[in-house]
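Trainee: Handing you this structure, nothing more for now.
Protein chains: 2
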Amino acid sequence: MTTGHVFIGMSVDGFIARADGDIGWLDDHSDPNEDHGYTDFMSSMDGFVMGRATFQKVLTFEGWEPPKPLVVASRSMHEGDIPDRLADKVSVTDAAPRLIMEALASQGWSRAYIDGGRLIRAFLSEGLIADITLTRLPVLIGEGIPLFGPVGGDIPLRHRSTRSYPSGLVQSTYDVVRSRAAV
Amino acid sequence: MTTGHVFIGMSVDGFIARADGDIGWLDDHSDPNEDHGYTDFMSSMDGFVMGRATFQKVLTFEGWEPPKPLVVASRSMHEGDIPDRLADKVSVTDAAPRLIMEALASQGWSRAYIDGGRLIRAFLSEGLIADITLTRLPVLIGEGIPLFGPVGGDIPLRHRSTRSYPSGLVQSTYDVVRSRAAV
Numbered sequence: 001m002t003t004g005h006v007f008i009g010m011s012v013d014g015f016i017a018r019a020d021g022d023i024g025w026l027d028d029h030s031d032p033n034e035d036h037g038y039t040d041f042m043s044s045m046d047g048f049v050m051g052r053a054t055f056q057k058v059l060t061f062e063g064w065e066p067p068k069p070l071v072v073a074s075r076s077m078h079e080g081d082i083p084d085r086l087a088d089k090v091s092v093t094d095a096a097p098r099l100i101m102e103a104l105a106s107q108g109w110s111r112a113y114i115d116g117g118r119l120i121r122a123f124l125s126e127g128l129i130a131d132i133t134l135t136r137l138p139v140l141i142g143e144g145i146p147l148f149g150p151v152g153g154d155i156p157l158r159h160r161s162t163r164s165y166p167s168g169l170v171q172s173t174y175d176v177v178r179s180r181a182a183v
Numbered sequence: 184m185t186t187g188h189v190f191i192g193m194s195v196d197g198f199i200a201r202a203d204g205d206i207g208w209l210d211d212h213s214d215p216n217e218d219h220g221y222t223d224f225m226s227s228m229d230g231f232v233m234g235r236a237t238f239q240k241v242l243t244f245e246g247w248e249p250p251k252p253l254v255v256a257s258r259s260m261h262e263g264d265i266p267d268r269l270a271d272k273v274s275v276t277d278a279a280p281r282l283i284m285e286a287l288a289s290q291g292w293s294r295a296y297i298d299g300g301r302l303i304r305a306f307l308s309e310g311l312i313a314d315i316t317l318t319r320l321p322v323l324i325g326e327g328i329p330l331f332g333p334v335g336g337d338i339p340l341r342h343r344s345t346r347s348y349p350s351g352l353v354q355s356t357y358d359v360v361r362s363r364a365a366v
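Sequence order for the protein chains is F and L. Residues 1 to 183 in our numbering are what the first sequence lists, from first letter to last. Residues 184 to 366 in our numbering are what the second sequence lists, from first letter to last.
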């Protein structure tokens, strides 16, 4: 089956956005000239699966286009909600995580980038995430939208590597050890 | 004034204990033979300031004694609540964070180890923490007692160093950059 992979930035205190969705602080605490491996990561993916909230956020970035095929996981959106200019790159599904991954496997996807806090937790709970790369920006924002939350029990991780950058970002990659929840 | 220093273990998803205070999972995901620098850290401190909940937790560890003088910050405890065997090492104060640090400075303390989630956040909010060392254990526990929460606004950090251990622990030290809240 297609494996899920996470690559996400967050504050040291675990927030991926402010409560109103603002992510401007990510730019304030990072250096656009530093290569944090996103391009390499993305090139190893067959495409994305993204939650609705994250998709609606990226749509606010002028001229944004997905670098790979994108599936939006949403029970409230429909294909008609996709801007025409993106219609050939973006599809919408209301299927559950495991069924999404089965469908992607049948389309030949090996690896899918899973993006968005709620979606990542849902995929973690279902044992569908193979590895996670967390890049922590050197700031505490105190409140906002957390990446993590209940995931159906403990999920042991295996640390693969950590590196830090002159800007103060610390990036760790973990393999997800198959948990009870994955059985 | 005395500076505050944090040295604390947590899950990758930011929890320092389960909701019921259990910290047994810390042992399950670390290696007691690895030196994570606690002894060196502690030897550079003049003593601890600890929240009530954390103090009551450590009291459940048979024979536990603080390696340095300990001040328990609590508005509900009194000196009479301290076990007799610890009476010469432990005191109780109901003072606010800044007043605690002023009192410790007058007693000759340069550096205080600040321990316990709520207390750490209160000291961070008041600009009383100089640096934090976070040791992340390779597990997601999903829910529990978080280290972080509202701290009175953004607090920029300066990354000092990160190291990882064969057991999978990743330890980062940050200096707290003086924030608005500290003025």
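Backbone N, C-alpha and C define an ideal beta-carbon position, used for all residues, glycine too. Being a predicted model, the structure only gives us computed values, none of them experimental.
When we look at the beta-carbon of G80(F) and count the other beta-carbons within 10 Å, is it buried (16 or more) or exposed?
Mentor: G80(F) comes out exposed.
Trainee: Output yes or no for whether 7 Å exceeds the beta carbon distance between P329(L) and G197(L).
Mentor: Taking 7 Å as the Cβ cut-off, P329(L) and G197(L) qualify as a contacting pair.
Trainee: Are the beta-carbon atoms belonging to F48(F) and L70(F) less than 7 Å from one another?
Mentor: Closer than 7 Å, so yes.
Trainee: If we call anything under 7 Å between Cβ atoms a contact, is S151(F) one with L124(F)?
Mentor: The sequence shown places Val at residue 151(F), rather than the Ser named in the question. Their beta carbons are under 7 Å apart, which means V151(F) touches L124(F) by this criterion.
Trainee: By a C-beta neighbour count over all protein chains shown, 10 Å radius and 16 as the cutoff for buried, is H261(L) buried or exposed?
Mentor: Flag for H261(L) reads exposed.
Trainee: Going by DSSP, name the residue or residues bridged to I303(L).
Mentor: BP columns for I303(L) are empty, so no partner.
Trainee: Check each candidate in H29(F), E34(F), L140(F), D28(F) and name the one with the smallest Cα separation from Y165(F).
Mentor: For the residues H29(F), E34(F), L140(F), D28(F), the minimum Cα distance to Y165(F) belongs to E34(F).
Trainee: With 7 Å as the threshold, decide whether the Cβ of E326(L) is near any Cβ in chain F.
Mentor: Yes - at least one Cβ of chain F is within 7 Å of the one on E326(L).
Trainee: Please report the distance separating the alpha-carbon of V241(L) from that of L104(F).
Mentor: Spanning the two alpha carbons is a distance of roughly 50 Å.
Trainee: Is the Cβ of S44(F) closer than 7 Å to any Cβ of chain L?
Mentor: It does not: the Cβ of S44(F) has no partner Cβ on chain L nearer than 7 Å.
Trainee: Leaving out five residues on either side along the sequence, give the residues of the same chain with a beta carbon under 8 Å from the beta carbon of L185(F).
Mentor: Residue 185(F) lies beyond the range of chain F shown here (1 to 183); nothing can be said about it.
Trainee: Show which residues of chain F have a CB atom less than 7 Å away from the CB atom of H342(L).
Mentor: Result: P138, S164, G168, V170.
Trainee: Please list the partners that Y38(F) has in chain L, where partner means a Cβ-to-Cβ separation under 8 Å.
Mentor: Ordered by position in chain L, no residue passes the 8 Å Cβ test against Y38(F), which lies about 19 Å from the chain.
Trainee: Rounded to a whole number of angstroms, what is the C-alpha to C-alpha distance between V170(F) and Y296(L)?
Mentor: Each residue's alpha carbon lies about 24 Å from the other.
Trainee: So is T318(L) buried or exposed if we call it buried at 16+ other beta carbons inside 10 Å?
Mentor: Classification for T318(L): buried.
Trainee: Once you ignore the five residues that flank S43(F) on each side, which residues in its own chain have a CB closer than 7 Å to its CB?
Mentor: Around S43(F): no qualifying Cβ.
Trainee: Hey, could you find the ends of the beta strand (DSSP E) R346(L) is sitting in?
Mentor: First-last of the beta strand (DSSP E) with R346(L): 338-347.
Trainee: H212(L) and P321(L) look like a contact to me (Cβ under 8 Å); what is the Cβ gap, rounded to whole Å?
Mentor: That pair is a contact at about 6 Å.
Trainee: For A182(F), which residues from the same chain have a beta carbon less than 6 Å from its beta carbon, with the 5 sequence-adjacent residues on both sides left out?
Mentor: Note that A182(F) scores a pLDDT of 43, beneath 50, so its modelled location is shaky; the value from the coordinates is reported in the next line. The residues are G127.
Trainee: Would you mind stating whether G351(L) and R301(L) have Cβ atoms separated by less than 7 Å?
Mentor: No; because the gap between Cβ atoms is not below 7 Å, this pair is not in contact.
Trainee: Below 8 Å on C-beta distance, what does G153(F) contact in chain L?
Mentor: Going along chain L in sequence order, the residues near G153(F) (Cβ under 8 Å) are G325.
Trainee: Taking the Cβ atom as the reference point for each residue, do S110(F) and D46(F) lie within a distance shorter than 7 Å?
Mentor: It is a contact, given that the beta carbons lie within the stated cut-off.
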